[in-house]
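Numbering (full-length UniProt numbering), first residue to last: 1 to 341.
Every residue, glycine too, gets a C-beta built ideally from N, C-alpha and C.
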Amino acid sequence: MQERLTTDCDKAAGSRGLVDVERPGALLRDALRGLVAVFALQDAILIGYLVVTTVCLLGAPPSEVQAQCVHRNLAAIAALVSLCVFVRRATFVPSLLRSVVYRLSLVGTFLLNYLSLRTILPTVRSDSLDAELLQLDLLLFRFEPALWMERFNTRPIVEWFSFFYFSYFFICFTSMVLAVWVARPGRGTTEYAVGTSIVYCVGQLGYMAVPAYGPIQALSHLYQGPLDGGFFWGCVSSIVQAGGAMKDVFPSLHTAAPLWFALYTFHRARTDRRLFWLAVVAAFFSFNIIISTMLLRWHYAVDVVAGVALATGAAWLTPRLVRWEEGVRARMDQPQPWSFR
């Protein structure tokens, strides 16, 4: 009798008879469980970035380039969703192959997102806020640090900082290899993927909100002459001209990304002391890269401040988000993000 009463209480009379009032909640839980089974937190961040970027493009004046950017973004969203479904649900494919495909695809997504900025940024906003960024520097520091540093425009100093600016690409590659390919998959791998996604996605959206060319172009008439650089400065200049986004100064990702990698390594060193000296080296490179962004005239000081805030914010937020995701997956009886079983 009690079982019958309990069952009846879970039902209500509707226009078509008795309706199970728990069914909508069960459907919602099943839907959430399905989403969690397919998408990890870093996947959601990357897809969200592409969606927001697409919305920004749709709000831009119509043009052939705008249409191409929208179509490319929609294709990227479809590809990323399909990738997530494949690597986590195609259990008939060996798990090792799916894990390799996923890792390679994440790297490719970051790279393509950056390279596409060269056409997306001028399409979303054709104006420049260099004057406003300069005024912020003058308000905060009473002078423009990028102009003040011209006194150090000598070949040895320019080459020293050009080397470290160029090493940004090495730092990005090395950190990715160690965290995603060498380290045992687990919480550390997830923290790296989530934190890096936050830094780059938020930073690149910042480029769209605050477009600017930087001191090297906007303040060129105020410098006494070009930078006295050699081999490394030539490498930096050539790469920026060939593949740079051109209006990507606020926030400084040359500041945010290396600093995030250093903070992440220090965080991991708390449980693995072998990483301590690697974290020290990463911090040394990060410090020199930050100085180079202004000495080489790429960034205003306020760009650097924003980059530091982005990196420290990501370092604080990421462990909390990852623990939350682990809890959600445990409650829904789903494997952790890097388990492709």
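Residue i, enclosing alpha helix (DSSP H) - first and last residue
i	result
residue 369	Here the chain covers residues 1 to 341 and nothing more, so residue 369 does not appear.
glycine 108	95 to 115
arginine 270	Run containing arginine 270: none; DSSP gives neither H nor E here.
asparagine 288	276 to 295
threonine 154	Here threonine 154 belongs to no alpha helix (DSSP H), and DSSP marks it neither H nor E.
alanine 212	Counting along the chain, alanine 212 falls outside any alpha helix (DSSP H), and DSSP gives it neither H nor E.
serine 82	64 to 89
glutamate 144	Unbroken run through glutamate 144: none, as it is neither H nor E.
glycine 48	41 to 58
Whole-Å CB distance - residue i paired with residue j, under 8 Å assumed
i	j	result
threonine 189	alanine 183	6 Å
valine 322	valine 194	6 Å
leucine 46	threonine 109	6 Å
aspartate 130	alanine 212	5 Å
valine 85	valine 38	6 Å
histidine 299	glycine 230	Histidine 299 to glycine 230, Cβ: 22 Å. No contact.
histidine 267	alanine 315	7 Å
residue 344	isoleucine 216	Residue 344 is absent from the model: the chain starts at 1 and stops at 341.
valine 199	alanine 311	6 Å
threonine 154	valine 65	Threonine 154 to valine 65, Cβ: 41 Å. No contact.
leucine 95	phenylalanine 340	The sequence given here places serine at residue 95; leucine does not occur at that position. Serine 95 to phenylalanine 340, Cβ: 4 Å. Contact.
alanine 301	proline 145	4 Å
serine 116	arginine 72	7 Å
arginine 329	valine 36	6 Å
tyrosine 165	isoleucine 289	6 Å
leucine 295	phenylalanine 170	Not confirmed; about 19 Å, so no contact.
leucine 134	aspartate 303	That pair is no contact at about 11 Å.
alanine 76	leucine 112	7 Å
Length of the line joining the Cα atoms of residue i and residue j
i	j	result
leucine 28	tryptophan 233	56 Å
alanine 282	leucine 259	8 Å
alanine 257	threonine 293	13 Å
tyrosine 223	leucine 147	7 Å
glutamate 159	glutamate 326	45 Å
valine 180	threonine 265	13 Å
threonine 128	proline 61	Note on identity: in this sequence residue 128 is serine, with threonine being the wrong assignment. Going by the C-alpha atoms only, they are around 17 Å apart.
residue 359	serine 238	Any answer about residue 359 is impossible in this case: the structure gives the chain only from 1 up to 341.
arginine 270	valine 305	26 Å
leucine 41	methionine 149	41 Å
leucine 140	valine 308	16 Å
phenylalanine 143	proline 226	20 Å
leucine 205	valine 52	8 Å
aspartate 228	valine 236	13 Å
arginine 320	serine 63	42 Å
serine 126	glycine 59	13 Å
residue 342	tyrosine 102	Here the chain has residues from 1 to 341 only, and residue 342 is not among them.
arginine 33	leucine 121	36 Å
isoleucine 291	aspartate 333	47 Å
leucine 138	valine 93	58 Å
glutamate 191	aspartate 30	26 Å
leucine 178	phenylalanine 287	21 Å
leucine 57	tyrosine 49	12 Å
aspartate 43	alanine 78	12 Å
arginine 273	valine 55	45 Å
methionine 246	leucine 275	35 Å
proline 335	tyrosine 168	34 Å
glutamine 241	tryptophan 324	42 Å
leucine 263	threonine 196	12 Å
isoleucine 157	leucine 74	45 Å
proline 185	cysteine 172	19 Å
Exposure of residue i, with buried meaning 16 or more beta-carbon neighbours within 10 Å
i	result
arginine 88	buried
proline 251	buried
histidine 221	exposed
histidine 254	buried
arginine 331	exposed
leucine 83	buried
proline 337	buried
leucine 106	buried
phenylalanine 261	buried
residue 345	Only positions 1 to 341 of the chain appear in this structure, which leaves residue 345 out of reach.
leucine 97	exposed
alanine 13	No answer about alanine 13 holds up, because its pLDDT of 45 lies below 50 and its placement is not dependable.
alanine 279	buried
valine 249	buried
alanine 218	buried
leucine 317	exposed
leucine 104	exposed
valine 21	Any reading at valine 21 must be qualified, since the residue scores a pLDDT of 45, below 50, and its modelled position is unreliable; the value itself is stated next. Exposed is the call here.
Any chain B beta carbon closer than 8 Å to residue i
i	result
valine 308	This model lacks chain B altogether, as it is built from one protein chain only.
In the segment 196 to 259, which residue ranges form an unbroken alpha helix (DSSP H) of at least 4 residues, counting only runs that do not cross its ends?
Whole alpha helix (DSSP H) segments, 4+ residues: 215 to 218, 231 to 243.
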